[in-house]
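First the structure, in the form of structure tokens, and then the observations on it.
Numbering (my numbering), first residue to last: 13 to 105.
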């Protein structure tokens with residue numbers, strides 16, 4: 013679904029850029045940059061790797077706890093923490 017939305021943004025930017033006087037806005041370049049940024053921000057596998065590194069750096073300090081990642085399978089990547097999933101389950105009820 014996200015890919016579809018990002019493609020739509022890129023397509024609309026390309027269409028608008030073709031109008032006279034709109035090329036100077038560089039909407040297509042801005043849209044491509046935005047799409048690349050969103051794809052990296054929404055990739056929870058990166059977040060899981062960063063969390064593991066963060067946990068390693070601060071593992072010797074007492075009183076700090078970190079969320080555990082849950083492997084949700086290859087389709088979903090690594091997502092959530094136990095607390096987050098429990099909160100989502102409570103909203104469904």
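Backbone N, C-alpha and C define an ideal beta-carbon position, used for all residues, glycine too.
Closest by C-alpha distance to residue 64, when choosing among 16, 76, 80, 74: As a first step, residue 64 is located in the chain shown; it is residue number 52 there, counting from the start. Comparing Cα-Cα distances from residue 64 to each of 16, 76, 80, 74, the minimum goes to 80.
Identify, in the order they occur along the chain, each residue of the same chain with its Cβ nearer than 8 angstroms to the Cβ of residue 40, setting aside the five sequence neighbours on each side. Stepping through the chain shown from its first residue, residue 40 is reached at position 28. The answer, listed in chain order, is 22, 25, 26, 29.
Just curious, the alpha helix (DSSP H) that residue 68 is in, first and last residue? The residue labelled residue 68 in the question sits at position 56 within the chain shown. Its alpha helix (DSSP H) spans residues 56-69.
So residue 50 and residue 18 are in contact, right, with Cβ under 8 angstroms, and what is the actual spacing, rounded? Translated into the one-based positions of the chain shown, residue 50 becomes position 38. Translated into the one-based positions of the chain shown, residue 18 becomes position 6. With a Cβ gap of about 6 angstroms, residue 50 and residue 18 count as contacting.
Proximal residues to residue 43 (C-beta, below 7 angstroms), its chain only, five neighbours per side dropped: For this step, residue 43 is matched to residue 31 along the chain shown. Hits under 7 angstroms: 21, 22, 25.
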